[in-house]
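Note sheet for the following structure.
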Amino acid sequence: MEISRRNLLVGAAVAAIASNVKISVASAQEKVIRFSMPQDFTRIYTFVTAEYSQGQRDYITLINSRGGVNGYTILADVSDHGNDLPRAIEAYERAKAQGAVLIDPLSTPVARALVPRVLQDKINMITAFSGRSDAADGTVFPYVFPLSPNYWTQAALLIDFFRQKDGDLKGKKICFVHIDTPFGKEPLPILQTLSQKLGFELQTFPYTPPGNDQSAIWPQVRRARPDWVMFWGAGVGQTVALTEAIRNGLPMDRVSSSVWLSQSDMQVVGPDQAVGVMKFDPCVTGREPKVIQDILKEVVQAGKGAGPEDKIGTNYYNYGVMLAGIMVEGVRMAFEKNPDGPIDGPWLNQGLVSIKDFTLDGYMPPVTVTPEDHQGGGMGRVSRWDGKNFVPQTDWFTAYQDVVWDEIKKYSQEFAKTGK
Amino acid sequence: MFYRRAGIRHTRYQDERQLWPLPFDKGLVAVIAALLVVAPFVVEPLYLSSYLLPWIIWSTAALGLNFLMGTAGQIHLGYGAVMAIGAYTAVHLVLAGIPFEIAMLAGGVMSAAIGIVFGAAALRVKGLYLAMATLAMQYIVDFVIMHFPAISGGSLASIAVPPVTFLGVPVIGDVRTYFVALIICAMVTLFMLNVQRTSFGRALAAVREKDYAAEVIGVSTFKFKLLAFWTSSFIGGVVGAVLAVCYLRSVSPDQFHLELSIQLVAMVIVGGLGSVLGSFFGAALILFTPILLNNLIGSLASDFGLAISTDLRSHVPLMLYGALIIGFLLWEPLGLAKIYNNFRNYLLVWPFRHAQR
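In order, the protein sequences belong to chains A and B.
Numbering of the first sequence is given in my numbering, commencing with residue 1 and proceeding in unit increments.
Numbering of the second sequence is given in my numbering, commencing with residue 1 and proceeding in unit increments.
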C-alpha cells in the first residue's frame, strides 16, 4: 500500500478508535480485583520502574497461580505514563472507569496531582517512596498509602544510625549533599531539628538537577572534613554522587544514601570501589527470603516471570515484591473484614488499614497500618555494600518518630485547612 | 457542495475582513460549539475529564503561544514558566481569600508583567538568541519557585488548590470544571480570531514578516513586540490558573518544567503556525497520540495475547509517536491546519477539480 497522506490519516484514526474499544471488554470480567499500575518506564525512573514493576508482577503471578485470594485473581494493569500528567490522569480515569480499587503510579509529580482525585473518588493510591510525605497522616489522607518509611523517617533513621556508631553526635559534622529540588530538600527541616536536638553541625551542599555534574560540590565536602555524609538524589544523580565521593577520597564507611541506591547503580560506579557505602533498606535484599525462592520456583521456572531472571533479588525488584505483598495482604484483610464486598475502593481501604505486624515471612520489618498511620510504622535498617551485595548493619528499627510526625502533622494540617 | 462558493466574491475589504466569509464555516463552528456544550451530558466521564478537558485547556495555552509564535513571529521556549507564574499567583491569591475570577486575571497580569521583562529582550535579539533568552526565563522561574518556600509551599513544594467559585457557581466535579475551561477557551479563541482582522493583528504580521520593513512603513516594532509578549503572557497566565484549578487541582513546580514548554511549542508547530484551528489540532495530536498508541499496543498485548514485554510495550508507542510527528511534518510542513485547509479548498469548488494541482 502506498503511504499517502490519506492513508496516514486513516491509519491514525483507526488506531485511535481501536485503542478505545477495550474499556467495555475488560470491565465485563468477573472474579477479578483490578490493580492499576501506570508507571514511568520511559522518561525519568526507567530502570527503577522496570525492576520494581517486575517484582510486583512476579509476586502477583505467584498469588494468582496459587488460586488468588478468596477465589479472586488479581489483575495488575501495567502501562507507561512517562511521568507526564495528562497521560497519568488519563490512565487514572481509565482505571476508575474499569473498576480499579488501587493505583500505584510510582511517581512523585503524578501522585501529587492525583491526591485530590483519589480522595474524592475513594480509590486507594500507593505512594511508596514517592508522593507527599505528609500522606502518612491517614486522618487527612484516608486514601493515600505510602506504606513505607517516608523521606523524613529515612533521614531520621540514618542520623540515629550515625549516633549509634559514634555514641554521641555532639560536635560532629554531618554533610548533606542533595539534588536541589523539592525532593532533595525535603529532609532539611528534620535534619535541622535533629541538629539542634543532638548537637551536631549540619552542612548542606545542593547540586543542580539532574545531577550529571557534581564536580564543584564534592571537593567542598572533602574540605569540610565531615564525620558523616548523607547523599540524597535519584537516578543519574546517585551514581554521579557516589563516583565523586570516591574520587574525593571520602571514607565510604562514613557515607550513606537514602533508599535510592541499588546493585544496578553499583555496576555503574564500580562494585569494588564503592565497598563500604551504606543505604537505607526497607526490606531484605537478595534471593534468600522464602518469598523470592517461591517466586523462582513457582513463577520463573514455570516460564511466567515478568522480566530478566538476573534482576530477581536486586533492591528495586525486592521493593516491588514488598509493596505487592502489602497490597495483597490488604486484599486478604479486606476479605476478612467484609467477605461479601462489594469490591471497591472503600472495601480495600478497610483491609489496608487493618494490616497488623505483617512481615511476609520475615521479608520486611513488621508493617502495621492504621487509619491514622499510613506509613506502616516507619521501620527499616541500614545496609552496607560489600562488593557483591548490601549487607544489613542493624536490625529493623525506627527513630525520632516524634520529630517526623511533627513535620507530618504540620503539612497535613495545612492540606486539611486548604484542601477541603 | 458544502461550501457553495465559486467565482470571485470578495472584491471589497469589508468582505475580506469578515469573521466568517463562508456561511458553512459559521454553521460548522456553531455545530462544534454546540457539541462541546452538550458533551458533558452525553460523553462518558472518562472522556470528559481525561480527553475533552485537557484538550481545551492545552488548546487555549497553544493559542496563547501561537499568538506570539505564529502571529508575531517571536520564539518562546519558556511558556511553561509563564503558565507557572499565573498558576502560582492565582492559587496564592485564592488561598488569601480573593475570588477566583479576580485571582485568575491577576495571574494573567502577573505573568504579563514578568513576561514582558523577558520579552524586552526581543527588542534586541531575534531567532535563536531570543530562544535562549526565553529558555533562561524558564530556568529562572523554575529556580525561583523551587527556592522560595513561600511560593512553592514549603519543603513538600505542593499546594492544594482550595475550593473556588466561578461567577457564583462552585467549581467542583468534572462538568463544572469543564465549563469553566470551555468559557475561557471560547473567549481566547474569539480574541484570536478577531485580532488577526484588526490593525493590531496586521501590525504584528508586518513585524513578523520583516521588522525593519514594518518600521519603515510606520509600525513601531518596539511597541508591537512588547504588546505581543504582554498579550501572549497574559493568556498564558490565565490558562495556568485554569490548569491549576480545573485540571491539576494542586500545584507543584515539576508540573511547569521545560517539558511543558516544549510540548506547547510542538503543538503550535505541528498544528500550524498562526492558525487558530491548528492550535486545537496540534494540542489533540501531541496530547493524545501517546495515550492512544499506548492503549492500542496495550490492548494488542492483552486482548490478542501478543507476547510483548512491558519494556517494549512502553517504548513502541513512543517510537511510533516520534515517527508520526516526523511523518506529519514531512508530508505537511505547514501543520495539521493546512491539511484541513487543503481539504476545504478542494471542497470549495467540488465537484470541479480546479483546486487540484
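Even glycine gets a Cβ: it sits at the ideal position worked out from N, Cα and C.
The structure presented is a predicted model; accordingly, all values stated were derived computationally and were not measured.
Do Gly-378 of chain A and Pro-149 of chain A count as a contact pair if the criterion is CB distance below 7 angstroms?
yes
Residue of A:Thr-127, A:Ser-354, A:Ile-217, A:Val-69 minimising C-alpha distance to Val-328 of chain A:
A:Val-69
Distance, Cα to Cα, Ala-416 of chain A vs Cys-246 of chain B?
19 angstroms
Taking Cβ positions only, does Ile-57 of chain B come closer than 7 angstroms to chain A?
no
Spatial distance of Leu-202 of chain A from Trp-218 of chain A (CA atoms)
16 angstroms
Closest to Leu-260 of chain B by CA distance: which of B:Val-144, B:Leu-135, B:Phe-234, B:Thr-310 is it?
Out of B:Val-144, B:Leu-135, B:Phe-234, B:Thr-310, the CA that lies nearest to the CA of Leu-260 of chain B is found in B:Leu-135.
Assign Asp-213 of chain A to buried or exposed, taking buried as 16 or more other Cβ atoms, counted over all protein chains shown, within 10 Å of its Cβ.
exposed
Interface partners of Pro-290 of chain B on chain A, CB under 8 angstroms
Those are Gly-82, Asp-84, Arg-87, listed as they occur along chain A.
Going by DSSP, which residues form a beta bridge with Gln-39 of chain A?
A:Asp-80
To the nearest angstrom, how far is the alpha carbon of Gly-376 of chain A from that of Ala-324 of chain A?
14 angstroms
Contact set between the segment 240-263 of chain B and chain A, restricted to residues whose Cβ is under 8 angstroms from the partner:
For the segment 240-263 of chain B, the beta-carbon criterion of a distance under 8 angstroms to any beta-carbon of chain A is satisfied by Tyr-247, Leu-248, Arg-249, Ser-250, Ser-252, Pro-253, Asp-254, Gln-255, Glu-259.
Taking the alpha carbon of Asp-227 of chain A as the point to measure from, which residue in A:Val-268, A:Lys-197, A:Phe-162, A:Val-284 has its own alpha carbon closest?
A:Phe-162
Have a look at Gly-67 of chain A and Pro-289 of chain A and give me their C-alpha separation to the nearest angstrom.
When rounded, the separation of the alpha-carbon atoms in Gly-67 of chain A and Pro-289 of chain A is 22 angstroms.
Who are the near neighbours of Pro-365 of chain A in its chain, counting only those whose CB is closer than 6 angstroms to its CB and skipping five residues on each side?
Only Met-379, Trp-396 meet the Cβ criterion.
Whole alpha helix (DSSP H) runs in the segment 81-155 of chain B with 4 or more residues, listed along the chain?
100-119, 127-147, 149-152
Residue-level contact to chain A via CB, Thr-310 of chain B, 7 angstroms cutoff
yes
Taking the beta carbon of Glu-336 of chain A as the centre, do at least 16 other beta carbons fall within 10 Å, making it buried, or is it exposed?
Here Glu-336 of chain A is exposed: its Cβ has fewer than 16 other Cβ atoms, across all protein chains shown, within 10 Å.
Is it buried or exposed, Val-171 of chain B, if we count other Cβ atoms within 10 angstroms and call 16 or more buried?
So Val-171 of chain B counts as buried.
Can you tell me whether DSSP reads His-315 of chain B as helix, strand or coil?
helix
Cβ of Phe-35 of chain A less than 7 angstroms from any chain B Cβ?
no
Quick check: is the beta carbon of Ser-79 of chain A nearer than 7 angstroms to any beta carbon in chain B?
Yes, because at least one Cβ of chain B sits closer than 7 angstroms to the Cβ of Ser-79 of chain A.
Three Cβ pairs or more, each shorter than 8 angstroms: is that satisfied between the segment 235-252 of chain A and the segment 49-57 of chain A?
Taking 8 angstroms as the limit for Cβ pairs, the verdict is that the segment 49-57 of chain A does not touch the segment 235-252 of chain A.
With a Cβ-Cβ cutoff of 7 angstroms, do Thr-127 of chain A and Gly-82 of chain A count as a contact?
no
Can Gly-107 of chain B and Ala-90 of chain B be called in contact, C-beta distance under 7 angstroms?
yes
Would the segment 333-346 of chain B count as touching the segment 276-292 of chain B if we require 3 or more Cβ pairs under 8 angstroms?
yes
Find the residues of chain A that neighbour Leu-318 of chain B, judging by a C-beta separation of less than 7 angstroms, and give them in chain order.
What Leu-318 of chain B touches in chain A: Thr-42.
For Ile-179 of chain A, report the span of its beta strand (DSSP E) as first-last.
Unbroken beta strand (DSSP E) run through Ile-179 of chain A: 173-179.
According to DSSP, Gln-203 of chain A sits in a beta bridge with which residue or residues?
A:Cys-175
Proximity of Ile-145 of chain B and Ser-111 of chain B at Cβ, strictly below 7 angstroms:
no
In or out: Leu-194 of chain A buried (at least 16 other Cβ within 10 Å) or exposed?
buried
State the Cα-Cα distance for the pair Gly-237 of chain B and Ile-114 of chain B, rounded to the nearest angstrom.
10 angstroms
Taking Cβ-Cβ distances below 8 angstroms as the criterion, which residues of the segment 84-101 of chain B are in contact with chain A?
Leu-95
I'd like to know whether the C-beta atoms of Phe-118 of chain B and Met-137 of chain B end up nearer to each other than 7 angstroms.
Cβ distance < 7 angstroms, so Phe-118 of chain B and Met-137 of chain B count as in contact.
Return helix, strand or coil for Tyr-400 of chain A, following the three-state DSSP convention.
coil
From the DSSP output, in three-state form, read off Val-175 of chain B for me.
Shown here, Val-175 of chain B sits in a helix according to DSSP, grouped into three states.
So the candidates are A:Gln-393, A:Glu-309, A:Thr-418, A:Trp-405; which of them puts its Cα closest to the Cα of Lys-165 of chain A?
A:Gln-393
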